[in-house]
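Numbered by this note's numbering, the letters in the sequence shown go through residues 9 to 179 in order.
Just so you know, even glycine gets a beta-carbon here, dropped at the ideal spot from N, CA and C.
Input: a single structure, listed below in structure tokens.
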Amino acid sequence: SIADCETWQQRIKTPIPIPMPIPPRDPPSILDKIVAQRHIDVAEAKRHVSAESLRARIADCKPASDFCKALSSAAPMGVLAEMKRASPSKGDIAPDIDAPQQALAYALAGACTVSVLTEPKWFKGSLDDLQGVRSALEDAGLSPRVCVLRKDFLIDDYQLLEARAHGADTA
9 SIADCETWQQ RIKTPIPIPM PIPPRDPPSI LDKIVAQRHI DVAEAKRHVS
59 AESLRARIAD CKPASDFCKA LSSAAPMGVL AEMKRASPSK GDIAPDIDAP
109 QQALAYALAG ACTVSVLTEP KWFKGSLDDL QGVRSALEDA GLSPRVCVLR
159 KDFLIDDYQL LEARAHGADT A
């Protein structure tokens, strides 16, 4: 239920349980391919930016907005709008979209939460999109503050640190 949602502080202290590897399929499914690529991407990200560096950025962030409260308190209903450039099933959807500008348009139209896809290969998203969306919404000074959700294939706690350090309220 919405009342059972965790806060960032609770979530970041609880490691993501990593399930036992699933035996490979032949041929691999698109989900298998995406998860395998995310393992590669996260390992590469860790080589460039340490978890300690991300924690330092998080310390300078404004407190996260309560995602569950934003959705449940919006009247007459909470709207979550999504920023998606592409998908494996549909191909390109809006490859050249200006994520910050679109997020602001969603917020001005009444969205209380904006979901930003950050998976780069199949969904063509990025952490830069996430940071840009957060900045655009902050600069607009909307009240109540619009929540930002990082949407991705989360396979490592490191990605939660990335999310928060780049402006996400939830993931």
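Inset, instruction - Using beta-carbon positions only, say whether I163 and V50 come within less than 9 Å of one another. - result: yes
Legend entry - Integer-rounded CB distance, given that R93 should sit under 8 Å from G230: The chain is shown only over 9 to 179; residue 230 falls outside these bounds and no answer can be derived.
Inset, instruction - Indicate whether E146 and R158 have their beta-carbon atoms separated by less than 9 Å. - result: no
Inset, instruction - Let me know if G175 comes out buried or exposed under the rule of 16 or more other beta-carbons within 10 Å of its beta-carbon. - result: buried
Inset, instruction - Leaving out five residues on either side along the sequence, give the residues of the same chain with a beta carbon under 7 Å from the beta carbon of R153. - result: S73
Inset, instruction - Round the Cβ separation of L125 and F131 to the nearest angstrom and send it over; I've been treating them as touching at under 8 Å. - result: 4 Å
Inset, instruction - Following the continuous beta strand (DSSP E) through V43, name the residue where it begins and the one where it ends. - result: Element bounds for V43: not the beta strand (DSSP E) but the alpha helix (DSSP H), I38 to H56.
Legend entry - Helix, strand or coil at R172 according to DSSP, with G and I counted as helix: helix
Inset, instruction - Count the other CB atoms, across all protein chains shown, that sit within 10 Å of the CB of D177; report buried if there are 16 or more and exposed otherwise. - result: buried
Legend entry - Ranges of the alpha helix (DSSP H) found wholly within the stretch 81-154, counting only runs of at least 4: 107-116 and 135-148
Inset, instruction - Would you tell me roughly how many angstroms separate the C-alpha atoms of A144 and Q110, rounded to the nearest one? - result: 10 Å
Legend entry - Assigned secondary structure, K159 (DSSP; H/G/I helix, E/B strand, else coil): strand
Inset, instruction - With a cut-off of 8 Å on the beta carbons, I'd call A89 and V122 a contact; round off their distance for me. - result: 5 Å
Legend entry - Distance CB(E127)-CB(F75) smaller than 9 Å: no
Inset, instruction - Give the straight-line distance between the Cα atoms of Y166 and L135, rounded to the nearest whole angstrom. - result: 13 Å
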